[in-house]
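Please read the structure below before turning to the comments.
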Amino acid sequence: DGGITQSPKYLFRKEGQNVTLSCEQNLNHDAMYWYRQDPGQGLRLIYYSQIVNDFQKGDIAEGYSVSREKKESFPLTVTSAQKNPTAFYLCASSIWNLNTEAFFGQGTRLTVV
Amino acid sequence: DQQVKQNSPSLSVQEGRISILNCDYTNSMFDYFLWYKKYPAEGPTFLISISSIKDKNEDGRFTVFLNKSAKHLSLHIVPSQPGDSAVYFCAASPPNSGTSYGKLTFGQGTILTVHP
Numbered sequence: 003d004g005g006i007t008q009s010p011k012y013l014f015r016k017e018g019q020n021v022t023l024s025c026e027q028n029l030n031h032d033a034m035y036w037y038r039q040d041p042g043q044g045l046r047l048i049y050y051s052q053i054v055n056d057f058q059k060g061d062i063a064e065g066y067s068v069s070r071e072k073k074e075s076f077p078l079t080v081t082s083a084q085k086n087p088t089a090f091y092l093c094a095s096s097i098w099n100l101n102t103e104a105f106f107g108q109g110t111r112l113t114v115v
Numbered sequence: 018d019q020q021v022k023q024n025s026p027s028l029s030v031q032e033g034r035i036s037i038l039n040c041d042y043t044n045s046m047f048d049y050f051l052w053y054k055k056y057p058a059e060g061p062t063f064l065i066s067i068s069s070i071k072d073k074n075e076d077g078r079f080t081v082f083l084n085k086s087a088k089h090l091s092l093h094i095v096p097s098q099p100g101d102s103a104v105y106f107c108a109a110s111p112p113n114s115g116t117s118y119g120k121l122t123f124g125q126g127t128i129l130t131v132h133p
């Protein structure tokens with residue numbers, strides 16, 4: 003079945019450590035996105051990538067980094083520079099340059115301890 | 018600045034009745050709007066969308082209305098069912114030009130509870 007897979011579902015990190023969240027899709031979508039959700043807030047865009055080896059900052063990119071070496075994969079690294087990393091992280095993908103829905107993964111809950 | 022707003026944090030409806038979820042936006046460049054449904058600890062799932070060239074789109078029990086002059090859209094669910102209980106997000110997308118690439122701006126979400 004086609005879809006987006008995020009792993010792990012739950013992740014705990016010690017303060018000051020970097021951590022990488024995985025996102026893989028087999029929908030053959032060109033565009034991929036990372037969003038963050040905090041309680042009582044909507045989803046906010048962290049980074050997005052239109053094509054392989056290219057990505058752009060979203061609204062809240064500070065403290066995060068991404069790579070897009072393969073079409074299917076768009077990992078997100080939460081660095082120690084991110085001041086409030088505890089959140090629910092969602093990866094999505096969509097067809098490029100066409101107004102159509104984005105498909106979301108199941109999310110990763112990151113907790114800094 | 019919140020470009021997409023859902024001013025009602027929650028809505029409670031009786032089963033069988035109509036649920037109306039509202040969304041306002043400020044950016045006139047948005048030209049495509051979507052509604053997503055989300056359960057706790059899961060990713061959002063797409064419900065229905067509407068292009069700015071239309072004022073209504075219907076899909077089964079779900080209808081989205083768009084009022085461009087008021088920069089307002091609404092989602093109607095008729096009849097409401099207990100399984101509809103979830104958080105509903107509206108989202109907007111600017112035209113796919115420049116660096117837009119179809120990225121979405123989301124509202125804060127409205128928690129819908131449908132009582133049996």
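Chains as they are written, first to last, in the working numbering: chain Z, 3 to 115; chain S, 18 to 133. The beta carbon of each residue, even a glycine, is placed where N, CA and C say it ideally should be. Model, not experiment: these values are computed from the prediction.
#1: Helix, strand or coil: which one does DSSP assign to S/Asp101?
#2: Name the two residues that bound the continuous beta strand (DSSP E) containing Z/Trp98.
#3: Can you tell me which residues form a DSSP beta bridge with Z/Met34?
#4: Determine the direct distance from the alpha carbon of S/Arg34 to that of Z/Ser67, and round the result to whole angstroms.
#5: Per the DSSP calculation, Z/Val114 is bridged to which residue(s)?
#6: So S/Asn44 and S/Gln20 are supposed to be a Cβ contact under 8 Å. How far apart are they, rounded?
#7: What in chain S is Cβ-close to Z/Glu103, meaning under 7 Å?
#8: Mind pulling the beta strand (DSSP E) runs of 3 or more residues that sit fully within the stretch 28–70 of chain S?
#9: Measure from the C-beta of S/Gln125 to each C-beta in chain Z and report whether the shortest distance is under 7 Å.
#10: Any Cβ of chain S within less than 7 Å of the Cβ of Z/Gln43?
#11: Could you tell me the distance, in whole angstroms, from the CA atom of S/Ile70 to the CA atom of S/Phe79?
#12: For S/Pro133, collect the residues of the same chain with a Cβ closer than 7 Å to its Cβ; drop the 5 residues on either side in sequence, then sort them by chain order.
Checking against the coordinates, here is how it stands:
#1: Here residue 101 of chain S refers to the residue found at position 84 when the second sequence is read from its first residue. The answer is helix: DSSP assigns S/Asp101 an H, G or I state.
#2: Taking the first sequence and counting its residues from 1, the one referred to as residue 98 of chain Z is at position 96. Segment: none, Z/Trp98 is in no beta strand (DSSP E) and carries neither H nor E.
#3: Sequence index remark: in the first sequence, residue 34 of chain Z carries index 32 (1-based). The partner list for Z/Met34 (beta bridge, DSSP) reads Z/Ser51, Z/Ser95.
#4: Within the first sequence, residue 67 of chain Z is the residue found at index 65, counting from 1. Within the second sequence, residue 34 of chain S is the residue found at index 17, counting from 1. So the two alpha carbons sit approximately 46 Å from each other.
#5: Here residue 114 of chain Z is taken as the residue at index 112 of the first sequence, counted from 1. Partner(s): Z/Arg15.
#6: For this step, residue 44 of chain S is matched to residue 27 along the second sequence. For this step, residue 20 of chain S is matched to residue 3 along the second sequence. Going by Cβ atoms, the distance from S/Asn44 to S/Gln20 rounds to 5 Å, so yes, they are a contact pair.
#7: If you number the first sequence from 1, residue 103 of chain Z lands on position 101. Ordered by position in chain S, the residues that pass the 7 Å Cβ test against Z/Glu103 are Leu51, Phe63, Ser66.
#8: You should have 36–42, 49–55, 62–68.
#9: In the second sequence, residue 125 of chain S corresponds to position 108, counting from 1. Yes, its Cβ sits closer than 7 Å to a Cβ of chain Z.
#10: In the first sequence, the residue the question calls residue 43 of chain Z occupies position 41. Z/Gln43 counts as touching chain S.
#11: As a first step, residue 70 of chain S is located in the second sequence; it is residue number 53 there, counting from the start. As a first step, residue 79 of chain S is located in the second sequence; it is residue number 62 there, counting from the start. Approximately 19 Å between the Cα atoms of the pair.
#12: Locating residue 133 of chain S in the second sequence gives position 116, where the first residue counts as 1. Cβ within range, chain order: Glu32, Pro99.
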